[in-house]
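One structure below.
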Amino acid sequence: MKKLRQLLGVLLAILCVSSLAPAGHAAATTAVDAKAAVLVDAQTGQIIYQQNAKQKLPIASISKLLTVLVIEDEIARGDLNWDTRVAISKDVAAVANNPEYSNAGLQQGATYTVGELVQAALIKSADGATLALAGAVGDSTAAFNQKMQKKARALGVKDAQIVNAVGLQNEDLPTKLQVKGVSGKAENEMSATDVAKIASYLLAHYPRAARVAGQRTMQLTTPNGASKTLTNINQLLTNTAYAVAGVKYTGLKTGTSHAAGYCLASSATYQGRTLVAVVLHANGTTTSRFTATQHLYQWLVDQQIQPRQLTLGAQAKRIAVKGGLPLKVPVQAPALVVWTKPGASLPKYQAVVKLNPRLATNDALRAPLKRGTKVGTVSVKTTGLPSLTRHRLHADLYTTQQVDKASFIRILWHRLVG
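For the sequence shown, the numbering used here begins at 51 and goes up steadily by one.
In structure tokens, the structure reads:
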């Protein structure tokens, strides 16, 4: 009977193994020991591995990635800058010095730069620093939540539950910072694939924040002029025990709460590609999220899954030019790859080009153009290849040749004589 139970347990484990993309890959030998997990190519959006990746779950302090995106947008608009000083209110200081939370010990009445607060939020996961950022331009919790929701929707995250900038439960915040009409137990929730979308966007569009998330330590200047060292709590960056051959960890963000368990959104480079792995509610202790993430990357290496360059169609290889020569300029998408096992056949696909309207008129690029100009994007429609963007991979499109402006006569002559 005992052997029968063991056999049933093995069979059940096999049935629980998560799905793998693209079609033709061998299944993973074991599932990730967590409620949800996903491994994606951050540059194209291809989902390489997924396990319960679309279920909405609490994400705790991983929320701070979205908070930082909103702050970076405000910096881009000129509402803030990296050196803007932000005063610490009584309520923020109460959170910042609560030993039950992750914090940097910010002092009431003191001021810190936006840059310092972003670093503290991403490196130390400082709750007080994150709340200070959320109120940096005078927003209430509810108002900043709306900004977070708007940014999330713009990235394709449609049903996220946003309660505050930090990831704490509503009732964990001081009364003035709580959202009225919302359950005290409510906290931020989204799926593993949604977290991957946010992490991938941050890596692509805000390299400064990405670099901060990969720092092992930071120096925080206290009001009395002293300096204290804060160490990144993402142990993938600081503990060689989690190393995987060929994989270089570069960031991003941990998350912990009673409901969320132990979570991690990580970024890494492998085979010249940028990857994002998300693990939600890893089972075990605080180190379980790092072990589970290491397992994902080790699985990728062990399965010998490699990136393969896709061949663009004739229309996507050369784009018509208006007002210049050559009449068609060659373009390429160096990031347009698909991950497959050795010997696996590529799925059928169709490349669709979308030109930047500031550089094109009626599907033709306007001269002049420098070599290496980003002129648009190319997306790949396919089936059987899961992606963060509804089965469509995407990559930037660049010119590989200079385009000079030319007169009508010169262009006409070129058309006649070739």
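No residue lacks a Cβ here, since even glycine has one placed at the ideal position from N, Cα and C.
Bear in mind that the values here come from a model prediction, so they are computed numbers and not experimental data.
- Contact annotation, A92 with V326: C-beta distance approximately 5 Å; criterion of less than 8 Å satisfied.
- For W389, the three-state secondary structure derived from DSSP is strand.
- Around the beta carbon of D133, fewer than 16 other beta carbons sit within 10 angstroms, so the residue counts as exposed.
- Under the three-state reduction of DSSP, Q400 is assigned to strand.
- The beta-carbon separation of T300 and G322, rounded to 13 Å, does not stay under the 8 Å limit for a contact.
- For H331, the uninterrupted beta strand (DSSP E) segment begins and ends at R323 to A332.
- Each residue's CA atom was taken as its position, placing E122 and Y162 some 17 Å apart.
- Across the structure, N238 and L107 are spaced so that their CA atoms are roughly 8 Å apart.
- In the structure shown, D446 falls within a strand segment according to DSSP collapsed to helix, strand and coil.
- The distance from the Cβ of A315 to that of V262 is about 14 Å, inconsistent with a contact at the 8 Å cut-off.
- For G178, the enclosing alpha helix (DSSP H) covers residues D177 to A184.
- Boundaries for A414: no alpha helix (DSSP H) harbours it, while the beta strand (DSSP E) harbouring it runs A414 to R416, taken from the DSSP string.
- Taking a contact as a CB-CB distance under 8 Å, the pair V402 and V428 counts as one, their CB atoms being some 7 Å apart.
- The beta carbon of H345 lies closer than 7 Å to those of V82 in the same chain, with the five residues before and after it left out.
- As a beta-bridge residue in DSSP terms, M240 pairs with L107.
- Judged by DSSP in its simplified three-state form, A315 adopts strand.
- Within the region 234-309, the runs of alpha helix (DSSP H) at least 4 residues long that lie entirely inside it are, in chain order, 242-255 and 257-263.
- Less than 8 Å divides the Cβ of V120 from the Cβ of M198.
- In this structure, the alpha-carbon of K398 lies about 6 Å from that of T432.
- Looking at the DSSP output, T427 sits in a beta bridge with K404 and D446.
- Following the DSSP letters along the chain, one finds V168 inside the alpha helix (DSSP H) bounded by residues V164 to I173.
- Annotation: K208 to A310 spans about 20 Å, alpha carbon to alpha carbon.
- V351: not part of any beta strand (DSSP E); member of the alpha helix (DSSP H) spanning S338 to D352, first to last residue.
- Sixteen is the threshold: since fewer than 16 other Cβ atoms of the shown chains lie within 10 Å of the Cβ of R421, the residue is exposed.
- The criterion of a C-beta distance shorter than 8 Å is satisfied by V164 and A186.
- For P436, the closest alpha carbon among the candidates Q158, A84, A86 and Q100 is that of Q100.
- Counting only runs of at least 4 residues, the region 185-210 fully encloses the following alpha helix (DSSP H) elements, listed from N- to C-terminal order: 191-204.
- Three or more beta-carbon pairs separated by less than 8 Å link the region 347-359 to the region 377-395, which places the two stretches in contact.
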